[in-house]
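*Asks:* Counting with numbering that gives the first Met the number 0, you get residues 0 to 312 for the letters of the sequence shown. A virtual CB, placed ideally from N, CA and C, is assigned to each residue, including glycine. Given the structure is predicted, the values throughout are model-derived calculations rather than measurements.
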Amino acid sequence: MPTMKAVRFHAYGGPDVLIYEDAPKPEPGAGEVLVKVHATSVNPIDWKVRAGHLKNFREYPLPFILGWDVSGVVESAGLGVSGFKPGDEVYGRPDLGRSGAYAEYVVVKEGEISRKPKNLDHVHSAAIPLVGLTAWQALFDTAGLKAGQKVLIHAAAGGVGHLAVQFAKLKGVYVAGTASGRNQEYLKQLGCDLVIDYETTRFEDVVHDYDAVVESMGGDVRNRSWKVLKKGGILVALIGPPPSEEDAKAHRVRASIIWGQANREQLTEIARLADEGQVHAEIAAAFPLRDAAKAHQMSETEHVRGKIVLQVI
Ligand SMILES: NC(=O)c1ccc[n+]([C@@H]2O[C@H](COP(=O)([O-])OP(=O)(O)OC[C@H]3O[C@@H](n4cnc5c(N)ncnc54)[C@H](OP(=O)(O)O)[C@@H]3O)[C@@H](O)[C@H]2O)c1
0 MPTMKAVRFH AYGGPDVLIY EDAPKPEPGA GEVLVKVHAT SVNPIDWKVR
50 AGHLKNFREY PLPFILGWDV SGVVESAGLG VSGFKPGDEV YGRPDLGRSG
100 AYAEYVVVKE GEISRKPKNL DHVHSAAIPL VGLTAWQALF DTAGLKAGQK
150 VLIHAAAGGV GHLAVQFAKL KGVYVAGTAS GRNQEYLKQL GCDLVIDYET
200 TRFEDVVHDY DAVVESMGGD VRNRSWKVLK KGGILVALIG PPPSEEDAKA
250 HRVRASIIWG QANREQLTEI ARLADEGQVH AEIAAAFPLR DAAKAHQMSE
300 TEHVRGKIVL QVI
């Protein structure tokens with residue numbers, strides 16, 4: 000059986016369960032594409048899965064390969080694939096339910112990838128899909144934000160947040176963002192109209208009558224976020240548990256939880272914005288694939304600015 004190098008875990012646990020080793024090379028089925036991975040990125044869901052935090056929601060067959068971002072080159076295409084051929088440079092978001100891209104090769108469905116941004120290298124391209132799609136879908140598909148409206152983006156310096164700020168500003172939305180003191184200048188550079196240092200300021204003291212909140216912290220941050228919304232506004236949660244319908248009703252606002260989905264049209268549009276220099280992915284660190292454990296340790300601090308990338312080639 001043909002093999003490839005991959006990082007897998009054989010049992011749930013800490014970062015040291017991630018092992019760089021040989022694994023079976025996957026083959027594309029009908030409607031699928033085999034991508035030679037140049038880079039993938041680390042998302043918090045990776046270490047949540049690795050640690051076993053999500054095992055009650057989804058069964059992952061062990062040993063398992065994480066990694067739900069990819070930038071690389073099409074190696075081969077299965078039956079019925081019409082949009083891609085070997086040699087095409089692509090980026091995308093493999094299915095969360097399947098084996099991922101911490102590997103030399105990954106199989107994706109045709110609809111999960113698009114042409115990679117031409118002006119970005121693989122490291123920057125791999126940083127975008129999962130967080131970019133989540134940000135896009137939260138702001139526009141779910142909150143339906145339009146020019147002139149106002150959004151509060153929590154964790155605005157993080158993976159989802161830093162792209163959400165840029166997308167919202169491009170559409171003419173007024174943006175308030177939260178981060179620690181260390182990231183205040185960075186949020187201004189991203190384009191935030193109002194920058195809030197959560198270490199010194201309670202955001203609900205300075206934000207009122209907003210159209211939407213993008214909420215990725217849960218707990219106390221979620222509880223305090225209701226009151227910044229105007230009547231009919233919406234809280235879009237990115238982490239479970241789902242926001243309380245009772246709380247939403249009590250504040251006369253709406254609430255939704257979303258799980259970002261692969262979307263080829265949106266990937267194509269985001270690649271266009273990146274190529275035009277209108278959207279920039281911040282790379283906090285790039286590690287070789289075999290150092291995935293170090294990358295997880297860094298992500299687990301929950302204070303990364305932008306993204307952590309794993310380089311395969
Ligand atoms: N539903 C979905 O489809 C979906 C998709 C992607 C991510 N998520 C979830 O959304 C969350 C964020 O994801 P991510 O990729 O953006 O994570 P991330 O990149 O690890 O977020 C790190 C950022 O969080 C900020 N932060 C930490 N504590 C904060 C606080 N109390 N208030 C404001 N900011 C704070 C940090 O800024 P400072 O260093 O300045 O504190 C840092 O820049 C994760 O829980 C992830 O699992 C969900």
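Is Val235 a contact residue of ligand 1, with contact defined as CB to any heavy atom under 6 angstroms?
*Replies:* With a threshold of 6 angstroms, the Cβ atom of Val235 does not count as near ligand 1, since no heavy atom of the ligand is closer than that.
*Asks:* Can you give the Cα-Cα distance for Asp15 and Arg304, rounded to whole angstroms?
*Replies:* 23 angstroms
*Asks:* Given 8 angstroms as the limit, is there contact between the segment 275-286 and the segment 242-261, that is, 3 or more CB pairs closer than that?
*Replies:* no
*Asks:* Inspect the beta-carbon positions of Ala211 and Phe166 and report whether they are closer than 7 angstroms.
*Replies:* no
*Asks:* What residues in its chain sit with their C-beta under 6 angstroms from that of Val106, if we drop five residues either side in the sequence?
*Replies:* Pro25, Pro27, Glu31 and Leu33
*Asks:* Let's see if you can read the secondary structure: which residues bound the beta strand (DSSP E) around His37?
*Replies:* Glu31 to Val41
*Asks:* Check whether the Cβ atoms of Arg223 and Glu203 lie closer than 7 angstroms to each other.
*Replies:* Yes, the Cβ-Cβ distance between Arg223 and Glu203 is below 7 angstroms.
*Asks:* Quick check on DSSP: helix, strand or coil for Trp271?
*Replies:* Here the sequence assigns Arg to residue 271, which means Trp is not the residue at that position. For Arg271, the three-state secondary structure derived from DSSP is helix.
*Asks:* Would you kindly check if the distance between the Cβ of Val311 and the Cβ of Val130 is under 7 angstroms?
*Replies:* no
*Asks:* Since I believe Gly190 is in contact with Lys170 (beta carbons under 8 angstroms), could you give me their beta-carbon distance rounded to a whole number of angstroms?
*Replies:* By a beta-carbon distance limit of 8 angstroms, Lys170 does not contact Gly190. Their separation comes to about 12 angstroms.
*Asks:* Over what stretch of residues does the beta strand (DSSP E) that includes Asp196 continue unbroken?
*Replies:* Leu193 to Asp196
*Asks:* Quick check: what's the CA-CA separation for Val172 versus Pro62?
*Replies:* 44 angstroms
*Asks:* Is the distance from the Cβ of Val213 to the Cβ of Ile152 below 7 angstroms?
*Replies:* yes
*Asks:* Candidates Tyr104, Val205 and Ala178: which alpha carbon is nearest Ala5's?
*Replies:* Tyr104
*Asks:* Note the first and the last residue of the continuous beta strand (DSSP E) segment covering Met3.
*Replies:* Thr2 to Phe8
*Asks:* Taking Arg316 as the reference, give the member of Pro60, Thr39 and Thr199 with the closest Cα.
*Replies:* With the chain covering 0 to 312 only, the question about residue 316 has no answer from this structure.
*Asks:* Using 8 angstroms for Cβ pairs, my map puts Phe286 next to Ala294. What's the rounded Cβ distance?
*Replies:* 5 angstroms
*Asks:* Quick one: does the C-beta of Tyr197 sit closer than 6 angstroms to a heavy atom of ligand 1?
*Replies:* Proximity of the beta carbon of Tyr197 to ligand 1 is indicated: a heavy atom of the ligand is located closer than 6 angstroms.
*Asks:* According to the neighbour-count rule (16 or more other Cβ atoms, all chains shown, within 10 Å of its Cβ), is Arg57 buried or exposed?
*Replies:* Arg57 is exposed by the Cβ-count criterion.
*Asks:* For Gly51, which residues in the same chain have their Cβ closer than 8 angstroms to its Cβ, ignoring the five residues on either side in sequence?
*Replies:* Tyr11 and Gly12
*Asks:* Taking only heavy atoms of ligand 1 into account, decide whether any of them is closer than 6 angstroms to the Cβ of Asn182.
*Replies:* yes
*Asks:* What is the rounded straight-line gap between the Cα of Arg253 and the Cα of Gly231?
*Replies:* 6 angstroms
*Asks:* Which two residues bound the contiguous beta strand (DSSP E) that contains Gln310?
*Replies:* Lys306 to Gln310
*Asks:* Could you give the C-beta distance for Gln188 and Asp196, rounded to a whole number, given that I count them as a contact under 8 angstroms?
*Replies:* So it is not a contact: roughly 15 angstroms between Cβ atoms.
*Asks:* By the three-class DSSP mapping on this structure, what secondary structure does Ala284 have?
*Replies:* strand
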